[in-house]
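By numbering that gives the first Met the number 0, the letter at position 146 of the sequence shown is numbered 145, and the numbering carries on one by one without gaps.
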Amino acid sequence: MTRQHSAAAMILAAGYGSRLKAITADKPKALVPINGIPLIERVICQIRKAGISQIIVNAHHHASKVIEFLKSQQFTDLDILISDESAELLDTGGGLLKALPLFGNASTVLVHNVDIITSLPLQSLIDMHKKSRHDISLLISQRNSSRKLLFDHENLLRGWKHTADNQIKLVGNAKAASLNAFAFNGIHVLNPTALAGIPVSKCSLIDLYLSLAASRNIAGYEIETPYWFDLGKPEQLVHVAQFLQSNRLP
């Protein structure tokens, strides 16, 4: 029987990992190893350190391999549930909406992309979220990225822009010139009630949150951390493996 939890986590792991090309031809991105440890195992260990024991994982590409791996590991102290998207990949926003019933009575949910490796203590973002009483709290930074979220002077989400072609999406009457641009770092915390009643449909996380930003408090937070990596490209896998080895990190 699934235990009741006040906090839960979701690992977004359903994507094809298309930027990793041949590496994900026979395996899901979640099972790509860094120094012998699959990405999903690394994320699970970070979530466990934050004191969260209920974890939802969505799966589509090679979903059965993700399920088999999770069953084969010693995660007996955790309640790990699968949100199965085998029939249809719902993108990050749709995947989150589909998983909503699996959160049970959790009042706080941490959402973590499977291809993010960081030294950030996840509890620090959770604590900031609870203290702020925002509906959704996004981890952001000033790192280089062609895609940026736009925030007002109160750090509330008010838009998005693609710097390569200057495409801009704004919330309500927001003016781009008055907004501050930050990159989303693939980790955030939310109150599930903020998503209650929204029909499940295929959509990105960013499009979902832009559609909600006028009626929900969606804020961005910068938190300093020794390292943060997005493992989306083959060369990044090599770089991160070398970084961890040279710094004697697991």
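By construction, the Cβ of each residue, glycine as well, lies at the ideal position given by its N, Cα and C atoms.
Let me confirm a value: residue i is counted as buried when at least 16 other C-beta atoms fall within 10 Å, else exposed. Which label applies?
{"i": "valine 237", "result": "exposed"}
{"i": "tyrosine 208", "result": "buried"}
{"i": "asparagine 246", "result": "exposed"}
{"i": "methionine 0", "result": "With a pLDDT of 42 at methionine 0, under the threshold of 50, the modelled position of this residue cannot be trusted; read the value that follows with caution. So methionine 0 counts as exposed."}
{"i": "arginine 41", "result": "buried"}
{"i": "glycine 50", "result": "exposed"}
{"i": "lysine 20", "result": "exposed"}
{"i": "histidine 60", "result": "buried"}
{"i": "alanine 13", "result": "buried"}
{"i": "arginine 215", "result": "buried"}
{"i": "proline 191", "result": "buried"}
{"i": "threonine 162", "result": "exposed"}
{"i": "leucine 101", "result": "buried"}
{"i": "glutamate 84", "result": "buried"}
{"i": "leucine 270", "result": "For the chain, the structure presents residues 0 to 249; residue 270 sits outside this window and is missing."}
{"i": "leucine 189", "result": "buried"}
Quick check: does the Cβ of residue i come within less than 7 Å of any heavy atom belonging to the ligand SAH?
{"i": "alanine 180", "result": "The ligand SAH is not among the ligands present in this structure, which contains no ligands whatsoever."}
How about residue i and residue j: are their beta carbons less than 8 Å apart?
{"i": "leucine 178", "j": "aspartate 134", "result": "no"}
{"i": "tyrosine 220", "j": "leucine 69", "result": "no"}
{"i": "arginine 157", "j": "alanine 86", "result": "no"}
{"i": "serine 82", "j": "alanine 98", "result": "yes"}
{"i": "leucine 80", "j": "lysine 201", "result": "no"}
{"i": "isoleucine 217", "j": "leucine 155", "result": "yes"}
{"i": "tryptophan 227", "j": "threonine 75", "result": "no"}
{"i": "asparagine 57", "j": "glutamine 244", "result": "no"}
{"i": "isoleucine 39", "j": "alanine 29", "result": "yes"}
For residue i, collect the residues of the same chain with a Cβ closer than 8 Å to its Cβ; drop the 5 residues on either side in sequence, then sort them by chain order.
{"i": "isoleucine 22", "result": "Gly16, Val31, Pro233, Leu236"}
{"i": "serine 5", "result": "Asn104, Ala105, Ser106, Thr107"}
{"i": "alanine 182", "result": "Ile139, Ser140, Gln141, Arg142, Asn143, Ser144, Arg146, Lys147, Leu148"}
{"i": "lysine 160", "result": "Arg146, Lys147, Leu149, Gln166, Ile167, Lys168, Ala175, Ala180"}
{"i": "alanine 173", "result": "Leu149, Asp151, Arg157, Gly158"}
Starting from the Cα of residue i, find the closest Cα among the options and give me that residue.
{"i": "aspartate 164", "options": "Trp227, Leu156, Arg146", "result": "Arg146"}
{"i": "asparagine 251", "options": "Arg215, Asn184, Val170, Leu121", "result": "Missing from the structure shown is residue 251; the chain here goes from 0 to 249 and no further."}
{"i": "aspartate 114", "options": "Gly94, Pro37, Thr224", "result": "Pro37"}
{"i": "leucine 11", "options": "Lys26, Leu89, Thr192, Asn112", "result": "Asn112"}
{"i": "leucine 230", "options": "Ile222, Val239, Glu223", "result": "Val239"}
{"i": "lysine 26", "options": "Val65, Asn57, Arg18", "result": "Val65"}
{"i": "isoleucine 253", "options": "Glu67, Pro225, Asp78", "result": "Coverage of the chain is limited to positions 0 through 249, which leaves residue 253 absent and any answer about it impossible."}
{"i": "histidine 128", "options": "Ile222, Arg18, Phe242, Leu248", "result": "Ile222"}
{"i": "glycine 171", "options": "Ser210, Thr224, Glu153", "result": "Ser210"}
Spatial neighbours of residue i within its chain, please: C-beta separation below 7 Å, excluding the five flanking residues on both sides.
{"i": "histidine 187", "result": "Val110, Ile135, Ser136, Leu137, Leu138"}
{"i": "glutamine 45", "result": "Leu121"}
{"i": "leucine 96", "result": "Leu194, Ile197, Val199"}
{"i": "aspartate 206", "result": "Gly92"}
{"i": "serine 131", "result": "Ala218"}
If you reduce the DSSP assignment to three classes, tell me which class residue i lands in.
{"i": "aspartate 78", "result": "strand"}
{"i": "aspartate 90", "result": "helix"}
{"i": "methionine 0", "result": "Reliability fails at methionine 0, whose pLDDT of 42 lies under 50, so the model's placement of it is uncertain and the value that follows must be treated cautiously. Residue state, collapsed to three classes: coil."}
{"i": "glutamine 141", "result": "coil"}
{"i": "threonine 23", "result": "helix"}
{"i": "tyrosine 220", "result": "strand"}
{"i": "valine 199", "result": "coil"}
{"i": "aspartate 206", "result": "helix"}
{"i": "isoleucine 43", "result": "helix"}
{"i": "valine 237", "result": "helix"}
{"i": "histidine 187", "result": "strand"}
{"i": "isoleucine 51", "result": "coil"}
{"i": "valine 170", "result": "coil"}
{"i": "arginine 18", "result": "helix"}
{"i": "lysine 232", "result": "coil"}
Enumerate in chain order the residues of its own chain whose CB-to-CB distance from residue i is below 6 Å, with the five nearest sequence positions on each side excluded.
{"i": "alanine 8", "result": "Ile46, Ile51, Ile54, Leu109"}
{"i": "aspartate 126", "result": "none"}
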